[in-house]
Structure formats: structure tokens, C-alpha cells
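Participant: I'd like to ask some things about the structure below.
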Amino acid sequence: MTAIADPKAPRTRQTGPGRRVTRTNAEAVGWVFMRVSGVVLVALVLGHLVANLVVPADGVRSIDFAFVAGKWSSLGWQLWDLLLLWLAMIHGANGVRTFINDYATKSTTRLWLKVLVGIAFAAVVVLGTLVIFTFDPCPMVDGALLDGAPGFCTP
Amino acid sequence: MWSWVLHRVTGFLIFMFLLVHVLDTAMVRVSPETYDNIMGTYHNWVMGLAEAGLVAAILVHAFNGLRIVVVDFWSKGPKYQKTLLWIGVAALVLLLVPFLVIHLSHIFGGE
Numbered sequence: 042m043t044a045i046a047d048p049k050a051p052r053t054r055q056t057g058p059g060r061r062v063t064r065t066n067a068e069a070v071g072w073v074f075m076r077v078s079g080v081v082l083v084a085l086v087l088g089h090l091v092a093n094l095v096v097p098a099d100g101v102r103s104i105d106f107a108f109v110a111g112k113w114s115s116l117g118w119q120l121w122d123l124l125l126l127w128l129a130m131i132h133g134a135n136g137v138r139t140f141i142n143d144y145a146t147k148s149t150t151r152l153w154l155k156v157l158v159g160i161a162f163a164a165v166v167v168l169g170t171l172v173i174f175t176f177d178p179c180p181m182v183d184g185a186l187l188d189g190a191p192g193f194c195t196p
Numbered sequence: 638m639w640s641w642v643l644h645r646v647t648g649f650l651i652f653m654f655l656l657v658h659v660l661d662t663a664m665v666r667v668s669p670e671t672y673d674n675i676m677g678t679y680h681n682w683v684m685g686l687a688e689a690g691l692v693a694a695i696l697v698h699a700f701n702g703l704r705i706v707v708v709d710f711w712s713k714g715p716k717y718q719k720t721l722l723w724i725g726v727a728a729l730v731l732l733l734v735p736f737l738v739i740h741l742s743h744i745f746g747g748e
């Protein structure tokens with residue numbers, strides 16, 4: 042058994058199999074990101090849960106198209122949900138990437154699982170962002186307001 | 638060790654829900670009727686119980702996550718990590734119990 046190096050010993054650069062030499066600090070940046078975004082997400086998610094499940098009179102049963110229309114008519118909630126979407130998706134996708142690295146033992150399996158997570162990430166973030174900003178609270182078809190539109194569409 | 642396992646399990650569940658949740662919300666772009674139909678499934682009591690579990694998972698993940706941040710960034714964090722764990726559990730119970738009372742009364746009450 043070989044003795045392990047003193048923790049304060051200068052880093053020796055090893056090359057060869059099993060030792061990946063990277064030029065960037067991507068993993069350290071990711072480590073900090075998980076903590077910083079995590080703290081922000083606690084506030085964003087708790088606000089989201091209170092606004093949608095606790096504040097409305099009937100909780101989750103109050104949520105319908107008109108409820109969403111009411112919320113997204115304010116820029117504040119649009120930005121809240123946008124930041125929530127992006128941070129939660131990056132935080133979650135990076136977390137799942139860690140699971141893949143830990144539990145998928147074959148490098149080809151790891152690659153394919155990460156590609157899958159990447160596709161899901163891109164699709165959901167793009168879709169969610171478009172939905173928030175192209176949302177129409179008063180949808181019309183052939184000049185008629187669709188059923189389920191909120192009361193403020195008919196003054 | 639068990640908090641680490643719980644953090645992974647809850648994190649994975651929350652991420653899976655997030656993917657579904659963005660898709661169900663995207664139905665607002667189809668029509669009010671489509672969205673209200675999809676939301677109708679969330680108003681069912683089985684989904685209501687699943688939602689209670691989701692909120693519990695979110696709170697577990699949130700308070701354990703905050704504990705990790707404190708342990709990593711506060712010099713005395715590692716020394717008090719066990720105390721921090723119990724503070725997290727207390728905060729979890731303090732938020733989850735009133736939430737469950739409100740949420741379950743919405744799910745099982747009325748109509």
C-alpha cells in the first residue's frame with residue numbers, strides 16, 4: 042500500500058489512462074452553481090408553491106386557464122417563472138448528469154444518457170420560454186373568444 | 638448518508654415532474670379547454686396526494702440543500718452538521734404540516 046500525498050503537497054500533473062487533464066474549471070464552476078442556484082431556487086419554488094397552492098381559495102383546484110392568464114398578465118410573474126424554469130432545468134439536468142456519471146458504468150451508455158438529457162433539457166427550456174412569452178390570455182378563433190378565457194377579456 | 642440518498646431520490650423525482658409540468662403548462666398555448674382538461678386530472682384526489690408527496694420531496698431537497706450550502710461555506714458548518722440536519726427537519730415539519738392541512742382540505746373538501 043502506498044502512502045497518500047500530504048493534502049498541502051503541490052499538485053503533480055499525471056497523464057495517461059484514467060487521468061483526464063482538463064484546461065478549465067468546469068466542474069468547480071458547476072459545484073458553485075449548484076449551491077448558488079439552489080439557494081435562489083428555494084425562494085423561487087416556495088413562492089411558486091404558495092402563490093399557486095396556498096393563496097388561491099381552492100388551492101390546486103383554483104388553477105385553470107383564467108388563473109394562469111391572471112398571473113402572466115404581470116411581467117413580474119412572467120420573469121419569476123422564466124428564471125424558475127431556467128435555473129431549475131440547469132440545476133436538475135446537471136444533477137442528473139452527476140447520477141449518470143456515478144451509476145452508468147459503460148462510457149457509451151453515459152454518452153447516450155447525457156445526449157438524452159441534453160435533448161430533453163433543450164426541448165423543455167425552449168418550449169417553456171416560448172410559452173411564457175407567446176402566451177395569449179384572450180385567445181380568439183374567427184373573431185370569437187374561446188371558452189375558458191378569463192373575464193377581463195370581455196370588458 | 639441517508640440524507641445524501643434522499644437528496645438524490647427527491648432531486649430525480651422533482652426533475653422528472655418538472656419535465657411533465659412544463660409540458661402540461663404548455664397546453665395553455667393549445668386552448669383554454671385543453672389546459673383546463675389537463676388541470677382537471679390534477680384536481681383528482683389521487684393526483685392531490687401525489688402532489689402532497691411532491692411538495693414534501695421539494696421541502697426535503699430544499700432544506701437538505703441549504704444544509705449542504707451552510708456546511709460547505711461556513712467554517713463551523715461541518716462541526717454543526719448534525720444540528721443543522723435537525724434544524725432542517727424542524728423547518729420541514731413546520732412548513733409541511735400546515736401545507737398538508739390546507740392542501741388536503743382543498744383536495745378532499747367541497748364539491
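Sequences listed follow chains Y and R, in order.
Going left to right, the first sequence walks through residues 42 to 196 as our numbering numbers them.
Going left to right, the second sequence walks through residues 638 to 748 as our numbering numbers them.
For every residue, glycine included, the Cβ atom is placed at its ideal position computed from N, Cα and C.
(1) Would you say Arg645(R) reaches chain Y, if we count a Cβ-Cβ gap shorter than 8 Å as a contact?
(2) Check whether the Cβ atoms of Ile739(R) and Val95(Y) sit closer than 8 Å, and answer yes or no.
(3) Using a beta-carbon distance below 8 Å, is Leu157(Y) in contact with chain R?
(4) Is Leu186(Y) helix, strand or coil when you go by DSSP?
(5) Answer with yes or no whether the minimum CB distance from Asp99(Y) to chain R is below 8 Å.
(6) From what residue to what residue does the alpha helix (DSSP H) around Leu94(Y) run?
(7) Which term fits Asn681(R), buried or exposed, when burial requires 16 or more other beta carbons within 10 angstroms of its beta carbon?
(8) Between Trp127(Y) and the rest of its own chain, which residues show a CB-CB distance below 7 Å, the 5 nearest in sequence each way excluded?
(9) Apart from the five residues on each side of it in sequence, which residues of its chain come closer than 7 Å, Cβ to Cβ, to Asn701(R)?
(10) Per DSSP, what are the beta-bridge partners of Met181(Y) in this structure?
(11) To the nearest angstrom, how far is it from the Cα of Val659(R) to the Cα of Phe649(R)?
(12) With C-beta atoms as the reference, is His698(R) less than 8 Å away from Gly100(Y)?
(13) Helix, strand or coil for Met638(R), going by three-state DSSP, please let me know.
(14) Using a Cβ cut-off of 7 Å, pull out every chain R residue sitting near Gly206(Y), in sequence order please.
(15) If we call anything under 8 Å between Cβ atoms a contact, is Val706(R) one with Gly79(Y)?
(16) Is there a C-beta anywhere in chain R that falls below 8 Å from the one on Phe174(Y)?
(17) Between which residues of its own chain and Gly189(Y) is the CB-CB distance below 6 Å, once the five residues before and five after are set aside?
(18) Is there a C-beta anywhere in chain Y that falls below 8 Å from the one on Met638(R)?
(19) Determine, for Arg666(R), whether the minimum Cβ-Cβ distance to residues of chain Y falls below 8 Å.
(20) Is it buried or exposed, Ala663(R), if we count other Cβ atoms within 10 angstroms and call 16 or more buried?
(21) When we look at the beta-carbon of Arg704(R) and count the other beta-carbons within 10 Å, is it buried (16 or more) or exposed?
Facilitator: To lay it out plainly:
(1) yes
(2) yes
(3) no
(4) strand
(5) Asp99(Y) has a beta carbon lying within less than 8 Å of a beta carbon in chain R.
(6) Counting along the chain, Leu94(Y) falls outside any alpha helix (DSSP H), and DSSP gives it neither H nor E.
(7) exposed
(8) Val166
(9) Ser640, Leu643, His644, Gly725
(10) Leu186(Y)
(11) Taking C-alpha positions only, Val659(R) is separated from Phe649(R) by approximately 16 Å.
(12) no
(13) In the structure shown, Met638(R) sits in coil (DSSP, three-state: anything other than H, G, I, E or B).
(14) Residue coverage of chain Y in this structure runs from 42 to 196, which leaves residue 206(Y) outside it and unanswerable.
(15) yes
(16) no
(17) Phe106
(18) no
(19) yes
(20) buried
(21) buried
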